[in-house]
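Numbering of the sequence shown is given in the UniProt record's numbering, commencing with residue 1 and proceeding in unit increments.
Data first, discussion second: the structure below is written as structure tokens.
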Amino acid sequence: MSDKPSLNKVVKRAIAHRLVPKSFNSLISQLEAREPISNSEYSTHLLTLNTHGTSILNKKENDEYRINLVIHLSLSSQEQLAKFWKCLSSVDPLSQVEYLKKLAYLLAHRSVTVDGEIISSLIGSQFKEYTISIFSGLNNNSSKHDQVLAHHTIIFWEVELHSLVPLFVQENRTILEQREIEQNHTGRPDSLEKSSQSPPATTSFKTLAPSHLSAGHHAGYIEMKQFLWFTKIMNSFQFEDNDALFSNFVSNFCTRADSSGTPISKNPYLTAIEFIQAVFIGFSHSIQYRDASFVLFNWKNFIVSRVPVILLSLKFTNEESAEKAIEVSFQSLSERIVNSISSISIGSSKLYDLRQSFIKSCIFNKLLAPSTFQKFFPVDFKAIQQSLQHDLNQFNAELDLQKAFNEKLLNVNIEFTSLEESGLVDFIASLPNLVEYSSKKQLELGKIVKTIVEDLINYQDQEKLNRILLAILSNVQFVNIIAFNSNPINILTKLIDYADKDCFKLEDDDDERFQDIYSYFGVLLLGITFLIEKFKIDYSKINIKNSFTIGYLNEFYYRLGDHLTNSAVTNSDEPNSEDGIVISNFNSLMGDWINALFDESNDGLSDDLIKSVNIKHIYKLIPLIYQQSIIATRSKIIDMPILSNGIDYLSQVFLVPCTLNIINWLLKKILIQKTVVDNLFLEVLHIIIKSNLDTDKQNSQEIPMIIFRIVLNICGSNIIQTLKRMKDWRTSKATNQIIRAITKQVDANYIAKHVEMKHDTNFNEGLKKYFCSFVKPQPPAEKTEQEIAELSYIHRYLNYQSNHDILVDFLIEEIASYQKSNDDEGRLAINLGSYVSVLSSVGSTEDKRYWRKLQHLNVGAAASPAFEEEQFTLSIAQHYGSIFNSDQPDDLGFDIQIKEDEDMLDDDLFNDNALGLFNTRKATRQLRAMDVDQGVAKSLKILSECIQDELHEYYV
1 MSDKPSLNKV VKRAIAHRLV PKSFNSLISQ LEAREPISNS EYSTHLLTLN THGTSILNKK
61 ENDEYRINLV IHLSLSSQEQ LAKFWKCLSS VDPLSQVEYL KKLAYLLAHR SVTVDGEIIS
121 SLIGSQFKEY TISIFSGLNN NSSKHDQVLA HHTIIFWEVE LHSLVPLFVQ ENRTILEQRE
181 IEQNHTGRPD SLEKSSQSPP ATTSFKTLAP SHLSAGHHAG YIEMKQFLWF TKIMNSFQFE
241 DNDALFSNFV SNFCTRADSS GTPISKNPYL TAIEFIQAVF IGFSHSIQYR DASFVLFNWK
301 NFIVSRVPVI LLSLKFTNEE SAEKAIEVSF QSLSERIVNS ISSISIGSSK LYDLRQSFIK
361 SCIFNKLLAP STFQKFFPVD FKAIQQSLQH DLNQFNAELD LQKAFNEKLL NVNIEFTSLE
421 ESGLVDFIAS LPNLVEYSSK KQLELGKIVK TIVEDLINYQ DQEKLNRILL AILSNVQFVN
481 IIAFNSNPIN ILTKLIDYAD KDCFKLEDDD DERFQDIYSY FGVLLLGITF LIEKFKIDYS
541 KINIKNSFTI GYLNEFYYRL GDHLTNSAVT NSDEPNSEDG IVISNFNSLM GDWINALFDE
601 SNDGLSDDLI KSVNIKHIYK LIPLIYQQSI IATRSKIIDM PILSNGIDYL SQVFLVPCTL
661 NIINWLLKKI LIQKTVVDNL FLEVLHIIIK SNLDTDKQNS QEIPMIIFRI VLNICGSNII
721 QTLKRMKDWR TSKATNQIIR AITKQVDANY IAKHVEMKHD TNFNEGLKKY FCSFVKPQPP
781 AEKTEQEIAE LSYIHRYLNY QSNHDILVDF LIEEIASYQK SNDDEGRLAI NLGSYVSVLS
841 SVGSTEDKRY WRKLQHLNVG AAASPAFEEE QFTLSIAQHY GSIFNSDQPD DLGFDIQIKE
901 DEDMLDDDLF NDNALGLFNT RKATRQLRAM DVDQGVAKSL KILSECIQDE LHEYYV
């Protein structure tokens, strides 16, 4: 018979089984329908923290989950909201602080969907009353914890100023004491109009309009907006619809009128000039700001394969022809831009002039006549005339891609035909050149590869899936083409889903090819890691629950197993307890593997020993074994020859994928040591590189060599950057040999350039320099290496991450400064910062309608640092043996039914990766000392108007 449900039991089991919030809310509703929950029960059994767990660390994990459940419950209805705030003050002050911090984070990051009326009640009523109650009881005799709570109450307001600006201003003008701000929300979705009593917009906001910029600053403003607009497209692979892309460009940037008063959007010739100039200038800036290699490839591929097709759809005239539009565009490019694109190798195996490649493509796609190439480039024409004809013939040649893949992969009998004999690797390596200028062939190629991968997954054909992954991942340029034409996240989700399934099993214990099956899963993990790393994919947005792969990436790729230890306090003192058995079994297994790998008197790795570890778990276990062995060598427990002997095993086909995590762990240790002198970690890295790279077989298609080449495609750039950060790296023979070996294997286009910002550099000043870097005319002085590195850092920080809190801080500070100076640089920076805020928040017409309706800024918030425990005890969850645990939850065990739907399954509680540190002391001083009429509130009002203006002008 099942237990009679009570609040205490429901909460305990919900936390233990990590129930999603909507399911938990449903349980509470059913429980309250049976019998109302008293405030005392609510406080004792729901709000009170640190009541469960085998250790302090375990308690903290449970508390975090409890807090999320409670907050989601409180935001589910007005009744639950009122109950939460009424009962919250009854728990201890530090517990209240934890609730405030998490609530601020969830609201600011919009990690939870909340009804507008609940937000209004929260900010305008419930939290206001709670704040008054906290401060009314505060005096000189108040405890330290009470003072901390009051402090965090202020911080909560500061955080919400950033994330709930319009509602905050409307509902809380008495707290802000901002009398000039009047509210009159009309209820219309597209506007927030002021009443007749409201004062007119401030002079500062009027003069902030881009139309007040000087000619040079206005030109820089338009150029930077176009660059940021295209950068978003290049980062997010938005290339599906050429017509829609061009239409959006025209609507956003071709609104001005020509000399006759006609909007240039009506003139194909003028819009073509604007478009061509924008893509060439944008690509030049992307090179200057050291964008990620895939972004640079996307720029190049878009210009060469898509822009001619877009121009072909325009209706030019004889007087205003496509040829003339291109000529005018080229003539407008500055010398700096021409120099930056006239000798590059991005997306190619040889140097080329981007303008020449573009003209070639225009000719091949029949936008221009063949004779125009000589007209544009008379000096170079004779030298490349033959190659031009060759490229044209190649463009026009029939290419039966499906037939080729059938012959080299799908119809191959892998029992009798090796990967090298099949010709698949060479065929894939030849494709980038064959499809370079043809969008049609590229789209067909992307569709075929995507279909093949999906079919092989559906049929669980591990051998052939492994072959195509090996062939693709060893050629980064080919991967970029596939990603450009079919969005990498589509393939990534398929691979993760397949890796999570229980498909990788040994059907027969005597299978002689069992090591190959192990390696198939290792290559699959490498493929997933490759896509995430190369294309900067935020996999936290992928809706996959209880994923082995996501857990592996979090704990063993990014954290490198650093959360694990060989020490733990078990649940029982009995040696035969469940925890004790786990630890004993792990230690025994670890000992067997260490003896097999590092003891020369041993017979090495036996089949039985390898098979004793689950295929998935072996890629967790092996890196841990080598980490411990390297540490043991450093501690003089084992000597270097023994370690070296064990490292040789890493060249075996099923262990090569493990080298990725081992190398990343070594790089972290190398960076800590900072010198090449007596650097064991550098020495080990050198041995791994040498043992896996046969210099006599540089282009070998042996499987272990190909797998290690994929490993280097993932981490090779990081290896070089890390080694070059050591001041004495040039003096080390090992360091130079490693760098040379990697540069022979990894395409130079995919070795990232240095990007950093000095610790003593003011970020806001750097951000302003970035926004003003397009001002016309450009300063004559060339930027130094450090200036470029800092601007590149800011560019990546701004465009690759959701750091809206930093942006809003910058804008508030800049607006406050502008009200005193009224300078062009401030005006430019504020308008561009507002544009970035809109650009990063709005991806569709639905998004725009949503933001205009709610008047809600898309800005993040940082949270104050968590209070540290004075001590903690490690549980079995942190022991090495936990790597073999299952992630699947058990049944809950009571008779209340959980009502699940798709929304419940989509509810993502813990996306805390972006959680940053918040300077609480500084924020408190600012909030207490501000002159509201001249301070944050006024700046926020102006900022809100700036963003609404950009939002109104932005076309999706």
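Just so you know, even glycine gets a beta-carbon here, dropped at the ideal spot from N, CA and C.
(message) Assuming contact is defined by CB atoms lying nearer than 9 Å, are ILE363 and LEU392 in contact in what I supplied?
(response) Within the sequence shown, numbered from 1, the residue matching residue 363 stands at position 363. Within the sequence shown, numbered from 1, the residue matching residue 392 stands at position 392. Less than 9 Å separates the beta-carbon of ILE363 from that of LEU392.
(request) Could you tell me which of TYR289, PHE275, SER284 sits nearest to PRO308, measuring between CA atoms? (result) Mapped onto the sequence shown, residue 308 falls at position 308. Nearest to PRO308 by C-alpha distance, out of TYR289, PHE275, SER284, is PHE275.
(request) Using a threshold of 9 Å, state whether the C-beta atoms of LYS464 and VAL412 are closer than that. (result) Within the sequence shown, the letter at position 464 stands for residue 464. Within the sequence shown, the letter at position 412 stands for residue 412. Yes, they are a contact pair.
(request) Have a look at PHE521, PHE535, VAL476 and flag the residue whose alpha-carbon is nearest the alpha-carbon of ASN490. (result) For the purposes of this step, residue 490 is taken as residue 490 along the sequence shown, with counting starting at 1. With distances taken between CA atoms, ASN490 lies nearest to PHE535 out of PHE521, PHE535, VAL476.
(request) Could you tell me whether the stretch 250-265 touches the stretch 290-308, using the rule of 3 or more Cβ pairs below 8 Å? (result) The stretch 250-265, when compared against the stretch 290-308, does not touch it at the 8 Å Cβ threshold.
(message) Just verifying my parser: in three-state terms, what is the DSSP assignment at ALA257?
(response) On the sequence shown, position 257 is the one that residue 257 refers to. ALA257: strand per DSSP, three-state reduction.
(request) Please say whether ARG355 and PHE330 have beta carbons closer to each other than 9 Å? (result) Position 330 of the sequence shown, counted from the start, is the residue given in the question as residue 330. Position 355 of the sequence shown, counted from the start, is the residue given in the question as residue 355. Yes.
(message) Contact between the stretch 254-265 and the stretch 450-461 is defined here as three or more beta-carbon pairs at a separation below 8 Å; is this criterion met?
(response) The stretch 254-265 is not in contact with the stretch 450-461.
(message) With H, G and I counted as helix, E and B as strand and the rest as coil, what does DSSP make of ILE344?
(response) In the sequence shown, counting from the first residue as 1, residue 344 sits at position 344. Three-state result, ILE344: strand.
(request) Quickly, what does DSSP pair TYR352 with across the bridge? List them, please. (result) Position 352 of the sequence shown holds residue 352. ILE344, per the DSSP bridge assignment.
(message) Tell me which residues share the same chain as residue 1031 and place their Cβ nearer than 7 Å to its Cβ, disregarding the 5 neighbours each side in the sequence.
(response) The structure shown does not extend to residue 1031, since the chain is modelled only from 1 through 956, so no value can be given for it.
(message) Quick check on this structure: which residue in ASP115, GLN652, GLU825, ALA325 has the alpha carbon closest to the alpha carbon of PRO210?
(response) Taking the sequence shown and counting its residues from 1, one reaches residue 210 at position 210. Measuring from the Cα of PRO210, the nearest candidate turns out to be GLU825.
(request) Determine the contact status of LEU473 and GLY423, defining contact as a CB-CB distance below 9 Å. (result) Taking the sequence shown and counting its residues from 1, the one referred to as residue 473 is at position 473. Taking the sequence shown and counting its residues from 1, the one referred to as residue 423 is at position 423. Cβ atoms of LEU473 and GLY423: not closer than 9 Å.
(message) Please classify SER837 as buried or exposed, where buried requires at least 16 neighbouring CB atoms within 10 angstroms.
(response) Counted from its first residue, the sequence shown places residue 837 at position 837. With 16 or more neighbouring CB atoms inside 10 Å of its own CB, SER837 falls in the buried class.
(request) Tell me whether PRO268 is buried or exposed, calling it buried when 16 or more other Cβ atoms sit within 10 Å of its Cβ. (result) Here residue 268 is taken as the residue at index 268 of the sequence shown, counted from 1. Here PRO268 is buried: its Cβ has 16 or more other Cβ atoms, across all protein chains shown, within 10 Å.
(request) Please work out which residues of its chain come closer than 7 Å, Cβ to Cβ, to LEU122, disregarding the five sequence neighbours upstream and downstream, and give them in chain order. (result) Position 122 of the sequence shown holds residue 122. Excluding its 5 nearest sequence neighbours in each direction, LEU122 has C-beta neighbours in its own chain below 7 Å: LEU81, listed in chain order.
(message) By the DSSP assignment, the alpha helix (DSSP H) with residue 964 in it spans what residues?
(response) A question about residue 964 goes unanswered here, because the residues of the chain that appear run from 1 up to 956.
(request) Using the Cα positions of GLU945 and LEU208, report the straight-line distance between them to the nearest angstrom. (result) Position 945 of the sequence shown holds residue 945. Position 208 of the sequence shown holds residue 208. Here the alpha carbon of GLU945 sits roughly 10 Å from the alpha carbon of LEU208.
(message) Does GLN701 pass the burial test, meaning 16 or more other C-beta atoms within 10 Å, or should it be called exposed?
(response) For the purposes of this step, residue 701 is taken as the residue at position 701 of the sequence shown. Around the Cβ of GLN701, a 10 Å sphere holds 16 or more other Cβ atoms; the residue is buried.
(request) Pick out whichever of SER612, PHE478, ASP516, ILE132 has its Cα sitting closest to the Cα of GLN462. (result) Within the sequence shown, residue 462 is the residue found at index 462, counting from 1. Here the closest residue by C-alpha is ASP516.
(request) Quick one: grab the DSSP three-state call for PRO704. (result) As a position in the sequence shown, residue 704 is number 704, starting the count at 1. Judged by DSSP in its simplified three-state form, PRO704 adopts helix.
(message) Checking the sheet assignment: what are the DSSP bridge partners for PRO263?
(response) Position 263 of the sequence shown, counting from 1, holds the residue named residue 263. DSSP links PRO263 through a beta bridge to ALA257.
(message) Tell me which residues share the same chain as ILE689 and place their Cβ nearer than 7 Å to its Cβ, disregarding the 5 neighbours each side in the sequence.
(response) Within the sequence shown, residue 689 is the residue found at index 689, counting from 1. Cβ neighbours of ILE689 beyond the five flanking positions: ILE738, ALA741.
(message) If I measure Cβ to Cβ from LEU401 and keep anything under 7 Å in the same chain, skipping five residues before and after, which residues do I get?
(response) Here residue 401 is taken as the residue at index 401 of the sequence shown, counted from 1. Cβ within range, chain order: GLU444, LEU445, ILE448.
(request) Give a yes or no on whether the C-beta atoms belonging to SER286 and THR231 are separated by under 9 Å. (result) As a position in the sequence shown, residue 286 is number 286, starting the count at 1. As a position in the sequence shown, residue 231 is number 231, starting the count at 1. Taking 9 Å as the Cβ cut-off, SER286 and THR231 qualify as a contacting pair.
(request) Quick one: residues in its chain with C-beta nearer than 7 Å to the C-beta of VAL97, no 5 flanking neighbours on either side, listed in chain order? (result) In the sequence shown, residue 97 corresponds to position 97, counting from 1. Closer than 7 Å at Cβ, skipping near neighbours: VAL148, LEU149, HIS152.
(request) Please name the residue, chosen from ILE154, HIS72, TYR750, ALA322, that lies closest to LEU311 on a Cα-to-Cα basis. (result) Working through the sequence shown from its first residue, we reach residue 311 at position 311. Nearest option by C-alpha distance: ALA322.
(request) With a threshold of 16 other CB atoms inside 10 Å of the CB of LEU351, please say whether the residue is buried or exposed. (result) Within the sequence shown, residue 351 is the residue found at index 351, counting from 1. Residue environment analysis places LEU351 among the exposed positions, since fewer than 16 neighbouring C-beta atoms fall within 10 angstroms of its C-beta.
(request) Let me know the secondary structure DSSP gives ASP895 once reduced to three states. (result) Taking the first residue of the sequence shown as position 1, residue 895 is located at position 895. Since pLDDT at ASP895 reaches only 48, below the 50 mark, its modelled position is unreliable, and the value read off the structure follows with that caveat. The answer is coil: DSSP assigns ASP895 none of H, G, I, E or B.
(message) By alpha-carbon positions, which one of GLN627, ILE610, TYR65 ends up nearest to LEU560?
(response) Position 560 of the sequence shown holds residue 560. Comparing Cα positions, the closest option is GLN627.
(request) Using only alpha-carbon positions, find the residue among GLN30, PHE373, ASN301 that is nearest to GLY347. (result) Translated into positions along the sequence shown, residue 347 becomes position 347. Of the candidates GLN30, PHE373, ASN301, ASN301 places its Cα closest to the Cα of GLY347.
(request) Can you grab the Cα-Cα spacing for the pair PHE586 / SER612, in whole Å? (result) Mapped onto the sequence shown, residue 586 falls at position 586. Mapped onto the sequence shown, residue 612 falls at position 612. If you take the alpha carbons of PHE586 and SER612, they lie about 12 Å apart.
(request) Spatial neighbours of LEU470 within its chain, please: CB distance less than 6 Å, with the 5 preceding and 5 following residues excluded, ordered by chain position. (result) The residue given as residue 470 occupies position 470 in the sequence shown. Counting only Cβ-Cβ distances below 6 Å, and skipping sequence neighbours, we find ILE706.
(message) How far does the alpha helix (DSSP H) with THR675 in it extend, from its first residue to its last?
(response) Against the sequence shown, residue 675 aligns to sequence position 675. Element bounds for THR675: n/a, residue is neither H nor E.
(message) Excluding the 5 residues flanking ARG709 on each side, which residues of the same chain have their C-beta closer than 7 Å to its C-beta?
(response) Translated into the one-based positions of the sequence shown, residue 709 becomes position 709. Result list for ARG709: SER474, GLN745, in chain order.
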